[in-house]
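Residue numbers (our numbering), protein chains in the order written: chain A, 1 to 231; chain B, 1001 to 1408. All C-beta atoms in this analysis are idealised placements derived from N, C-alpha and C, irrespective of residue type, glycine included. As the structure is a prediction and not an experimental result, all values here were calculated from the model.
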């Protein structure tokens, strides 16, 4: 059996803790993801999908419970250690691309490596160019982020998420803002990376057709895992 | 991307470039502020330097005089005074007691650069039917010309003073209808008189001085004023002109002479300089503050505009420190850019004003001093102000919660 990339052990998340309006949005979440898995996370709006994704992405901390990344318990880590772990182990793809408009497509892909290494070395640029080729965007390599179509921007975002060769890529409705054709293309790209590189993917989606093409579907309802099973 | 430039600098420069209009406006604002400071500082320094040069090349920096004669009350015994009203005695022209010894003492002081014993008193200059009251200054030209640059003020003839020579002011020469080579009869109150030849005519810059001041050899003045072997003043120049008053007080405390510094005799000038400096400092502080608030406001807006970028950078592993530095560098760069343009604008304004503003006689109002130190200081100060102004917005950016920032 493939190694565990991610494990959640009774993870709870509450807001406004200790006040009259304390709201618990995640309840005792247990979840394990293994290397090369391609997992869909579904659920109605307000079910806690984004909160769960933020906690897995180390952007937010659980109120209780434990989160393990590559077997390492993250609850004891400080801010800078979390930042470092996030940059090396996790890649993000968001619904609205969020490319940095001041930079070109290639530079956006270089960004995670630049942040990590401090300088734009030839190796950094070379890897970014390879990734651009992998996502099929060599023609727009020097376009500013906003001078590309939505589908192209999302492909750049995928290349950027892969820049640090992470174990896990978290995608929050990566096709939610694209037309059907582009959405299909981006999804195929994610699947292709998953199969070629063995990268683990957790994809939040409302699209049942896409979810069915994943290895596994987890449904979250009212902050609890309602159903989990093979797609 | 420049291979040698770290991430923080690359991001800061790109952010400034992208917000081109915003950057241009704030850089213009800073430039105007810096230009005002550069222009004012350089012009005031020039005006002051010009004035000080004029003052200090036409008068000694410290003048030692014989102390005033005072009448002592007549005493009958201890604490018993006979005459309670004492009339102030008339002041005769007296020589400074033991002046060669005092001169040597002054020469031995490291703070003192030039020592010139002089004799001065009033006399009457007579030529034909015309006569004018004059002040004669008898001196040794070798040392005296190091204090009062008479050769620089000569308009006719030369600055030669032997025992039968006299240098007169332009007004006096005009009043007496005399020119270089003419003879003057100088009559002193002591009834002594000498016929002297005019060797030079000087313009001392003031009508009063030009109509009264005359310069003769020390011995000539001594014989005219009946002060054989004596001097009435010892003129000094010192190393640090601004320490002249302190030094004068020290001399007066240790030697029985009256010591007047140029600072004391030009008190009004110093009040004016002080007022100018205070105003200048106040203007600098307020211009600096408005520049700082301008930078802070622009960066605060930029943080809000870029909150999504900051969120995504944080998500991909950028530390709080890196985000903080990106915004501090932006502040510093704005300050530096503004100061470079501002210095150029200030220098251009100075050159224009220097050519345009003239004194009544057509000479320059102030010397054009484009001091490199002033420009470097402005650049450093503006950069530091920029970084300081960026602290609050930068902290705000660094403390943004990436989850909130990305969600918007």
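Check                                                                                                                                                                                            : Outcome
For residue 80 of chain A, return the contacting residues in chain B, with the cut-off set at a CB-CB distance below 8 angstroms.                                                                : 1319
Which same chain residues, not among the five before or five after residue 1154 of chain B, have their C-beta less than 6 angstroms away from its C-beta?                                        : 1200, 1202
Taking Cβ-Cβ distances shorter than 7 angstroms, what residues in chain B pair up with residue 100 of chain A?                                                                                   : 1309, 1312
Quick check on residue 72 of chain A: buried or exposed, where buried means 16 or more other Cβ atoms within 10 Å of its Cβ?                                                                     : exposed
Between which two residues does the alpha helix (DSSP H) carrying residue 109 of chain A extend?                                                                                                 : 105 to 117
In the DSSP assignment, find the alpha helix (DSSP H) that holds residue 1109 of chain B and state where it starts and stops.                                                                    : Where residue 1109 of chain B is concerned, there is no enclosing alpha helix (DSSP H), given that its DSSP letter is neither H nor E.
When DSSP labels each residue in this structure, what does residue 48 of chain A get in the three-state scheme?                                                                                  : coil
Taking all protein chains shown into account, do 16 or more other C-beta atoms lie within 10 angstroms of the C-beta of residue 110 of chain A, making it buried, or fewer, making it exposed?   : buried
Name the DSSP beta bridge partners of residue 66 of chain A, please?                                                                                                                             : A/9
Below 8 angstroms between beta carbons: does that hold for residue 1118 of chain B and residue 1220 of chain B?                                                                                  : no
Does residue 130 of chain A get closer than 8 angstroms to chain B when you measure Cβ to Cβ?                                                                                                    : no
In its own chain, which residues sit with a C-beta less than 7 angstroms from the C-beta of residue 108 of chain A, not counting the 5 before and 5 after it?                                    : 99, 100, 145, 156, 160
So with CB distances below 7 angstroms, who are the chain A contacts of residue 1403 of chain B?                                                                                                 : 54, 59, 60
Using the Cα positions of residue 1005 of chain B and residue 1205 of chain B, report the straight-line distance between them to the nearest angstrom.                                           : 60 angstroms
Please report the straight-line C-alpha distance between residue 1403 of chain B and residue 60 of chain A, rounded to a whole angstrom.                                                         : 7 angstroms
Do you know whose CA, among B/1107, B/1187, B/1217, lies nearest residue 1139 of chain B's CA?                                                                                                   : B/1217
Go through its chain and collect everything with a Cβ distance to residue 1300 of chain B's Cβ below 8 angstroms, but skip five positions before and after it.                                   : 1392, 1393, 1396
Compare the C-beta of residue 1322 of chain B against all C-beta atoms of chain A and say whether one is closer than 8 angstroms.                                                                : yes
Thinking just about the alpha-carbon of each residue, which of B/1355, B/1322, B/1259 is nearest to the one in residue 1066 of chain B?                                                          : B/1259
If the cut is a Cβ gap below 8 angstroms, which residues of chain A does residue 1006 of chain B touch?                                                                                          : 118, 119
Measuring only between beta-carbons, confirm whether residue 199 of chain A sits less than 8 angstroms from chain B.                                                                             : no
Answer with yes or no whether the minimum CB distance from residue 1296 of chain B to chain A is below 8 angstroms.                                                                              : no
Near residue 1288 of chain B, what residues of its chain come up, given a Cβ to Cβ distance below 7 angstroms and the 5 sequence neighbours on each side ignored?                                : 1385
Measure the Cβ-Cβ separation of residue 1008 of chain B and residue 102 of chain A and say whether it is below 8 angstroms.                                                                      : no
Quick one: Cα of residue 1294 of chain B to Cα of residue 1248 of chain B, how far?                                                                                                              : 49 angstroms
Can you name the residues of chain B whose CB is closer than 7 angstroms to the CB of residue 107 of chain A?                                                                                    : 1001
So, residue 168 of chain A versus residue 8 of chain A, is the Cβ gap smaller than 8 angstroms?                                                                                                  : no
Any beta-carbon of chain B closer than 8 angstroms to the one on residue 44 of chain A?                                                                                                          : no
Between residue 1014 of chain B and chain A, is there a C-beta pair that is closer than 8 angstroms?                                                                                             : yes
Taking contact to mean 3 or more Cβ pairs, one atom from each stretch, closer than 8 angstroms, check whether the stretch 8 to 19 of chain A and the stretch 46 to 65 of chain A are in contact. : yes
Cutting at 8 angstroms between CB atoms, please list the residues of its own chain near residue 1071 of chain B, excluding the five before and the five after it.                                : 1086, 1087, 1088, 1089
Considering only the beta carbon of each residue, do residue 1167 of chain B and residue 1150 of chain B sit closer than 8 angstroms?                                                            : yes
Cβ atoms of residue 1379 of chain B and residue 1336 of chain B: under 8 angstroms apart, would you say?                                                                                         : yes
Taking Cβ-Cβ distances shorter than 7 angstroms, what residues in chain A pair up with residue 1111 of chain B?                                                                                  : Chain A residues near residue 1111 of chain B: none, gap ~56 angstroms exceeds 7 angstroms.
Starting from the beta carbon of residue 204 of chain A, find every residue of chain B whose beta carbon is closer than 8 angstroms, and list them in chain order.                               : Per Cβ cutoff of 8 angstroms: no residues; residue 204 of chain A is ~14 angstroms from chain B at best.
Given a cut-off of 8 angstroms, decide if residue 1332 of chain B and residue 1034 of chain B are closer than it, judged by their beta-carbon atoms.                                             : no
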